[in-house]
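In the numbering used here, the protein residues as written are 62 to 150.
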């Protein structure tokens, strides 16, 4: 492997790790903020919009297998949370 290839892998790992961190932070915020929404129609609309967005999340890079697993786990957590709230409304 060349130095450029190794650096590319490191950059990819860092990028996906940051994405995972950001997703975890936003997931935690969403768990708290969803409890504050009183208008069921507003919540339903928001959740349906978020679900479409989360379903489109993907990682095409094949060099980040460990981080990809964390990413997929976070994606499942988002979808589970959204489905739980959608089933309540």
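For glycine and all other residues, C-beta sits at the position ideal for the given N, C-alpha and C. A quick note: this is a predicted structure, and the numbers were derived from the prediction, not measured.
Selected residue, minimal CA-CA separation from residue i, among the options
i           : options            : result
residue 140 : 130, 113, 123, 72  : 113
residue 88  : 126, 130, 137, 149 : 137
residue 146 : 71, 98, 77, 63     : 98
residue 80  : 120, 104, 116, 102 : 120
residue 39  : 148, 133, 95       : Summary: the structure shown does not reach residue 39, with the chain confined to residues 62 through 150, and so no result is reported for it.
residue 149 : 126, 131, 101      : 101
residue 128 : 75, 117, 68        : 75
residue 110 : 70, 123, 130, 144  : 144
Sub-9 Å separation of residue i and residue j beta-carbons
i           : j           : result
residue 91  : residue 135 : no
residue 125 : residue 73  : yes
Which full runs of the alpha helix (DSSP H) of 4+ residues lie inside the region 74–144, going along the chain?
-> Listed in chain order, the complete alpha helix (DSSP H) runs (minimum 4 residues) inside the region 74–144 are 101–116.
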